[in-house]
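Protein chains in written order, with the numbering used here: chain A, 3 to 202; chain B, 3 to 202.
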């Protein structure tokens with residue numbers, strides 16, 4: 003059982019890494035099995051299809067983001083609400099810069115990449131990613147609501163603003179990926195944060 | 003020659019449509035040839051590789067965007083500069099809504115999709131898309147400079163702000179694609195425009 007669980011996690015980790023470095027369509031089951039060092043039979047024992055694997059990859063990354071990734075670190079209540087949103091941006095910039103160092107290129111957001119590539123092709127994966135983005139937007143919205151409550155932000159449509167902030171984050175990551183320069187994110191994030199603060 | 007030029011354009015149009023509806027990797031040369039009604043030999047006569055075709059597709063769409071698409075319509079000097087940026091957002095929302103009507107799903111931005119999928123895999127295409135985004139950002143930056151000059155916007159880092167606005171646009175298109183609802187764009191665009199105006 004131990005070995006089996008290991009194999010399953012190795013498949014998930016390998017797929018997450020390969021999808022992120024290249025793309026969903028560009029990575030086949032064969033290559034994932036080779037990287038994970040498992041046989042194809044094992045793969046299909048755990049995951050009837052590449053789609054099933056992808057859903058597991060998304061869950062796994064979301065858990066990571068919330069336990070130790072940029073989301074977890076940003077939204078701790080040790081600083082005022084708007085500072086947390088600033089920290090979310092700066093933490094994500096750092097996260098992308100670190101990944102660029104490790105991989106030699108900017109690979110973008112795991113979720114954003116999959117959403118862009120697959121949303122128009124697979125309804126099940128699209129809905130899953132939509133749920134993830136909604137959960138992210140909820141965290142941001144709660145933070146904005148708190149900012150309004152303590153008087154750090156004027157009364158705004160916090161739901162629309164939260165979605166806009168998340169969209170902005172996805173956009174700057176995509177721009178950094180296209181420029182292949184994670185440092186670009188920090189400049190754009192700064193411009194975006196200034197706009198949010200000025201609107202407060 | 004007439005027939006040949008037609009064939010070349012049909013290949014470009016077919017590839018643009020197929021890439022946009024699905025993805026780059028998911029569409030093969032064979033399918034593009036079938037849709038364009040040309041033989042494979044013809045294809046390779048015009049385009050030595052799928053990459054060469056993709057560069058031509060990007061040029062073609064960029065020309066369309068600037069001649070009659072949302073960019074052309076937005077940046078006419080008949081309204082004050084910040085109004086043009088608002089028109090850029092609202093025009094793009096309408097453009098995506100129209101495409102959703104025609105295709106039955108939100109397919110996102112031609113450039114954003116390709117940038118997200120291919121930037122980490124093909125340096126030539128990445129650089130081409132980076133040039134397109136830079137050209138778009140230049141148009142926005144010139145508009146912001148004009149807004150500062152006429153006193154509609156305080157002195158800001160117009161280059162960073164232009165990149166941030168473009169990133170925001172890409173982000174809201176991606177969110178709309180993931181939600182499969184182009185109407186979502188309008189709400190987010192409104193929230194973003196409010197932030198820009200408030201910072202003015």
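Beta carbons are placed, not taken as given, at the ideal position from N, Cα and C, and that holds for glycine.
Look at residue 111 (chain B) and residue 175 (chain B) and say whether their C-beta atoms are less than 8 Å apart. yes
Thinking C-beta only, is residue 59 (chain B) closer than 8 Å to residue 27 (chain B)? no
Contacts of residue 170 (chain B) in chain A (Cβ-Cβ under 8 Å): 166, 169, 170, 173 and 194
Do you know offhand how far residue 77 (chain B)'s Cα is from residue 113 (chain A)'s? 32 Å
I'd like to know if residue 39 (chain B) contacts chain A, where contact means its C-beta is closer than 8 Å to some C-beta of that chain. no
Apply the 10 Å Cβ neighbour rule to residue 36 (chain B) and answer buried if 16 or more other Cβ atoms are within range, or exposed otherwise. exposed
To the nearest angstrom, how far is the alpha carbon of residue 202 (chain B) from that of residue 21 (chain A)? Unreliable placement is indicated for residue 202 (chain B), whose pLDDT of 44 sits below 50; no coordinate value is reported for it.
Mind checking which residues open and close the alpha helix (DSSP H) that includes residue 110 (chain A)? No alpha helix (DSSP H) contains residue 110 (chain A), which DSSP labels as neither H nor E.
Excluding five sequence neighbours on each side, which residues of the same chain lie with their C-beta closer than 7 Å to the C-beta of residue 10 (chain B)? 48
Segments of 4+ residues assigned as alpha helix (DSSP H) that fall wholly inside the stretch 99 to 135 of chain B: 112 to 120
Chain-ordered neighbours of residue 180 (chain A) on chain B, where CB pairs are closer than 7 Å: 117, 121, 128, 131, 132 and 135
is_contact[residue 109 (chain B), chain A] using C-beta, thresh 8 Å: yes
State the start and end residues of the unbroken alpha helix (DSSP H) segment that holds residue 161 (chain B). 160 to 181
Contact set between residue 24 (chain A) and chain B, taken where Cβ atoms lie within less than 7 Å: 122 and 123
State the DSSP-derived secondary structure class of residue 146 (chain A), mapped to helix, strand or coil. helix
Would you mind telling me which residues of chain B sit closer than 7 Å to residue 54 (chain A), beta carbon to beta carbon, in chain order? By Cβ distance, chain B contributes nothing, its closest Cβ being about 19 Å from residue 54 (chain A), past 7 Å.
Helix, strand or coil for residue 88 (chain A) per DSSP? helix
Report, in whole angstroms, the separation of the C-beta atoms of residue 38 (chain A) and residue 13 (chain A), which I expect to be a contact under 8 Å. 5 Å
When A:156, A:180 and A:79 are compared against residue 108 (chain A), the one with the closest alpha-carbon: A:180
If you reduce the DSSP assignment to three classes, tell me which class residue 33 (chain B) lands in. helix
Is any heavy atom of the ligand NAP found at a distance shorter than 7 Å from the C-beta of residue 110 (chain A)? Here there are no bound small molecules, and the ligand NAP is not part of this structure.
Among the residues of its own chain, which have a CB less than 6 Å from the CB of residue 121 (chain B), if the five just before and after it don't count? 128
So, is residue 151 (chain A) buried or exposed, given that buried needs 16 or more other C-beta atoms within 10 angstroms? exposed
Could you check the C-alpha separation between residue 57 (chain A) and residue 155 (chain A) for me, to the nearest Å? 37 Å
Check whether chain B comes within 8 Å of residue 176 (chain A), counting only Cβ atoms and requiring the distance to be less than that. yes
Taking residue 86 (chain B) as the reference, give the member of B:50, B:8, B:186 and B:72 with the closest Cα. B:72
Spatial neighbours of residue 93 (chain B) in its chain, beta-carbon cut-off 6 Å, leaving aside the 5 residues before and after: 72, 75 and 76
Measuring only the C-alpha atoms, how far is residue 187 (chain A) from residue 43 (chain B)? 44 Å
In whole angstroms, what is the alpha-carbon distance linking residue 149 (chain B) and residue 167 (chain B)? 14 Å
Contacting residues, own chain, Cβ-Cβ under 7 Å from residue 206 (chain B) (five flanking each side not counted): Residue coverage of chain B in this structure runs from 3 to 202, which leaves residue 206 (chain B) outside it and unanswerable.
How many whole angstroms separate the CB atoms of residue 238 (chain B) and residue 162 (chain A), which I take to be in contact at a CB cut-off of 8 Å? Any property of residue 238 (chain B) remains undetermined from this structure, which presents chain B solely from 3 to 202.
Strictly under 8 Å for the Cβ-Cβ distance: is residue 189 (chain A) near chain B by that measure? yes
Closest Cβ-Cβ distance between residue 80 (chain B) and chain A: below 8 Å? no
Inter-residue CB distance, residue 118 (chain B) and residue 115 (chain A) (contact presumed, cutoff 8 Å): 6 Å
Can you tell me where the alpha helix (DSSP H) with residue 24 (chain A) in it begins and where it stops? Here residue 24 (chain A) belongs to no alpha helix (DSSP H), and DSSP marks it neither H nor E.
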